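K.L.:
Using the working numbering, you'd call the opening residue of the sequence shown number 1084 and step up by one each time.
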Amino acid sequence: MAPLKLAIIGGGPSAFYVASRLLSLLPQSSSRASALKIDMYDRLWAPYGLVRYGVAPDHPEVKNCTHKFAEAAADPRLRFFGNVNVDTHSPIAGTLPLPLKALIPHYTHLLLATGCTVPVPHPALPPSSVCVPALSLVHWYTQHPARPAPPPLERTTHVTLIGNGNVALDVARMLLTSPSELAKYDVPAPVLAALERSAVRHVSIVGRRGPFQAAFTAKELREMMALPDAAMVPLDPALLAPPEGATVTRQQARTLQLLQKGSKNAFGTTRKTWSLDFFREPHSLALPGPSSASTERPQLTLRHTALDAAGRAIVADGETTLATDLVVTSLGHRAEPGAPWADAALGHTRTARGRVLDADGRVVRNVYASGWAAMGARGVLASTMLDAYAVADAILQDHFPGEDVHTTPVGEGEAGRVKEGEEAVEVLPREVDVDAIPEEVESGWKEGRVTDFEDWKAIDAEEVRRGEALGKERERMVWEEAREFLAAVRPRNAHS
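#1: Whose C-beta lies closer than 8 Å to the C-beta of G1394 among residues of the same chain, with five residues either side of it excluded?
#2: Buried or exposed: where does F1299 fall if 16 or more other Cβ atoms within 10 Å of its Cβ makes it buried?
#3: Cβ-heavy atom distance between P1262 and the ligand GTP below 8 Å?
#4: Taking just the CA atoms, how far does G1421 sit from H1172?
#5: Which residue from A1196, K1184 and F1099 puts its Cα closest to that of A1425?
#6: For D1470, count neighbouring Cβ atoms within 10 angstroms of its own Cβ and tell me buried if that reaches 16, exposed if not.
#7: Between the region 1410-1421 and the region 1242-1253, are three or more C-beta pairs nearer than 8 Å?
#8: Is L1383 near T1352, with beta carbons less than 9 Å apart?
#9: May I have the straight-line CA-CA distance separating L1339 from P1294, to the nearest angstrom?
#10: Hey, how far is the Cα of P1492 from the Cα of A1336?
#11: Which parts of the region 1396-1425 are runs of the beta strand (DSSP E), unbroken and 3 residues or longer, counting only runs that do not cross its ends?
#12: Going by alpha carbons, who is nearest to G1177 out of F1164, W1128, A1282 and T1191?
#13: From R1280 to L1220, what does the alpha carbon distance come to, in whole angstroms?
#14: Apart from the five residues on each side of it in sequence, which residues of its chain come closer than 7 Å, Cβ to Cβ, to P1317?
#15: Would you call the region 1397-1405 and the region 1436-1454 in contact, with 3 or more CB pairs under 8 Å?
#16: Would you tell me roughly how many angstroms separate the C-alpha atoms of T1388 and D1319, rounded to the nearest one?
#17: Using only the alpha-carbon positions, how far apart do K1146 and P1373 sit?
#18: Going by DSSP, what residue range makes up the alpha helix (DSSP H) through W1357?
#19: Report yes if the C-beta distance between Q1226 and P1271 is below 9 Å; otherwise report no.
#20: If we count the other Cβ atoms within 10 Å of its Cβ and call it buried at 16 or more, is E1522 buried or exposed?
#21: Out of curiosity, what's the CA-to-CA distance linking R1305 and F1483?
#22: In chain order, which continuous runs of the beta strand (DSSP E) of length 3 or greater are located wholly inside the region 1221-1245?
#23: Whose CA, out of P1182, R1573 and R1559, lies closest to the CA of A1266?
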């Protein structure tokens, strides 16, 4: 039986959903079980990607999917190799660099589950000390290995978020929630200490369209309305009137009801406030000059906008200027430009139902992409799971043509399949050593530079133990702590 030895680049939800589905569809009791081997490579030393380093700490229920991922990792046919950076620029110090050409000879199949890791900038807001992407704050409060600089919250009273999706509301909620409330969650001690010193009093959330086009969900908005120590600035009732002749969806109706009701706390009764600034678009950000008084603040100019007949935002008359201390852009993400088979115009990998296409639109045989790497940065965990199952289906359809070993496909099952007589790009071997891994990874593992899933299980248990001692969900380690801990509890010479 031909081997299906799959290398997955990425260790987030999409990667684990694909691996889990493949392992469950080819169980160890199956006659085909021995054909399947999966090795997962992630440039983060810990698994789970955005679930660990993207989900807001006060949303622990979203992380429940990790139980399913851990079950998949318990299958001996799945191996995890963390702290390995495959063929992209890494902002993370200490990762093991691994060229794709060193990985390819060891695998018959390849899955790109690398996500979209580059924030989309706003053309009018160049990055600076007072203008940062939301990802920087998310990585700060989740203690991501990239280690962005902490925001200067002790001298920040006003924060402006550009974009009104769920990530923007997550950031706003973290800045407006009392540290004593956050202390029970998975918030690292240095982050709590910085939040204790925070001077933030107001968060403006700017969107270029109106409340009926807002990107946030009703759930996220409801949480903002219920903040115990903050109040929303009331909206102009005219903004909440449905456009004439428009059909209001259920999501829009729920949002409208929440906005009409307003926050739990009446405006003017709390020390902290927040606002939804609809129909506004950044035009410029003027920074104080070197000779300016220390009390002078950056000035953010917002152009007023309106909707055209197609519902697109267009520039209207009028401008508003905000004195603000920190501007945070939350406008989505794209794939790294140098990622394998990334399409710069799309902002992600070009695929046909999970099958990767080259620049000429030809199928790259046995190379697949899933999750944000394939679809762009959109959707939630449920949609990521469905996409991953569809990609698992495509992999099995291609490897076992005509056999009933696949899940129900999402979309057209034949899309992207190589048909008889068609040309496909060949990059992977057909025969490999099913147990071999690149020498660089083997050496890195022996040196303690590369982690495996057993390492993660030990770290996970220790983080939870440390957290319980502090009355919280867990207390996270940084890489240096984790490596020192592993050297003590799992020395390589004990099991190499």
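Every residue, glycine too, gets a C-beta built ideally from N, C-alpha and C.
This one's a predicted model, so the numbers in the text were calculated from it and none came from an experiment.
P.N.:
Straight from the coordinates:
#1: R1292 and Q1296
#2: buried
#3: No copy of the ligand GTP appears in this structure; indeed no ligand is present at all.
#4: 8 Å
#5: A1196
#6: buried
#7: yes
#8: no
#9: 8 Å
#10: Below a pLDDT of 50, predicted positions are generally treated as unreliable, and P1492, at 49, falls in that range; the measurement from the model is reported next regardless. Cα to Cα, the separation comes out at about 33 Å.
#11: 1396-1406 and 1409-1412
#12: W1128
#13: 16 Å
#14: G1345 and F1350
#15: no
#16: 16 Å
#17: 46 Å
#18: Segment K1355 to D1360 is the beta strand (DSSP E) holding W1357; no alpha helix (DSSP H) there.
#19: yes
#20: exposed
#21: 47 Å
#22: 1241-1245
#23: R1559
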